[in-house]
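Written below as structure tokens is the structure these notes are about.
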Amino acid sequence: MSDETTAPSEPKKPLLDAEQLQKDLAFSDHDISAAMMRQASLFAHYAVIAAQAQKRYDTAKLAADIVESRVDKRLRDEYAQAGAKITEAALGKEILRDREYVEAQKKVNDARMIADLAKNALEAFKQRKDMLVQIGVALREEAKGELFLKGPAAREEAQRDVTRDRAARLVSENREAA
Numbered sequence: 079m080s081d082e083t084t085a086p087s088e089p090k091k092p093l094l095d096a097e098q099l100q101k102d103l104a105f106s107d108h109d110i111s112a113a114m115m116r117q118a119s120l121f122a123h124y125a126v127i128a129a130q131a132q133k134r135y136d137t138a139k140l141a142a143d144i145v146e147s148r149v150d151k152r153l154r155d156e157y158a159q160a161g162a163k164i165t166e167a168a169l170g171k172e173i174l175r176d177r178e179y180v181e182a183q184k185k186v187n188d189a190r191m192i193a194d195l196a197k198n199a200l201e202a203f204k205q206r207k208d209m210l211v212q213i214g215v216a217l218r219e220e221a222k223g224e225l226f227l228k229g230p231a232a233r234e235e236a237q238r239d240v241t242r243d244r245a246a247r248l249v250s251e252n253r254e255a256a
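Structural data, given as structure tokens:
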């Protein structure tokens with residue numbers, strides 16, 4: 079293998095906007111229908127973000143592995159040229175102190191944090207869905223109760239309307255006949 083191997087470049091655009099996530103998760107009990115209609119598309123949107131974040135984490139991990147391999151080879155070559163021997167444990171500790179390796183590990187940690195946040199955002203949307211379902215059930219039960227309470231009055235009003243319509247029709251027919 080050649081020393082030309084380079085670490086994959088990391089995209090700079092942030093995947094998650096905390097303020098936007100908070101806005102997307104929020105809903106009002108006055109507009110449950112709209113929140114329910116948007117739930118699936120928001121979940122899909124954040125599922126894509128979670129997948130992209132996981133890919134960035136995997137890419138950063140791969141880049142760190144490449145850096146570690148490169149630093150390992152460089153240190154082994156330096157010790158070989160100097161005619162010195164180094165143990166695996168000592169070599170491992172030197173790699174951990176290498177500036178390039180430390181920077182690569184910081185990128186891995188940052189990418190892991192974003193991937194974890196994206197997974198947590200998905201979990202939040204699952205919880206949001208559960209809340210919407212529960213609120214929908216509660217509203218449906220509440221509406222059933224209102225209909226039950228309005229039942230006798232609504233029946234009486236409907237009967238009055240039918241009687242009024244019949245009377246108006248009879249008056250109209252009598253005028254036409256006369």
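Letter by letter, the sequence shown follows residues 79 to 256 in the working numbering.
C-beta: ideal position from N, C-alpha, C; glycine also.
Here the structure is a predicted model, which is why all the values come from computation and not from measurement.
The C-alpha of R218 is placed about 48 Å away from the C-alpha of T137. Inter-residue distance for R116 and I110 is about 10 Å (C-alpha atoms, whole angstroms). In the three-state reduction of the DSSP assignment, G161 falls in the coil class. The continuous alpha helix (DSSP H) containing L174 extends over residues 166-175. Assignment of alpha helix (DSSP H) within the stretch 94-122, counting only whole runs of 4 or more residues, yields 96-103 in chain order. DSSP places K91 in the coil class of the three-state scheme, outside both helix and strand. When the five nearest sequence neighbours on each side are left out, the beta carbons in the same chain lying within less than 7 Å of the beta carbon of A189 are those of R134, Y135, A138, in order along the chain. Listed in chain order, the non-local C-beta contacts of A128 below 8 Å within the same chain comprise A193, A196, K197, A199, L200, local neighbours out to five positions each way being set aside. The alpha-carbon separation between K185 and S106 amounts to approximately 38 Å.
Between V145 and Y179, the CB-CB gap stays under 8 Å.
Straight-line spacing of the CA atoms in D143 and R154 works out to 16 Å.
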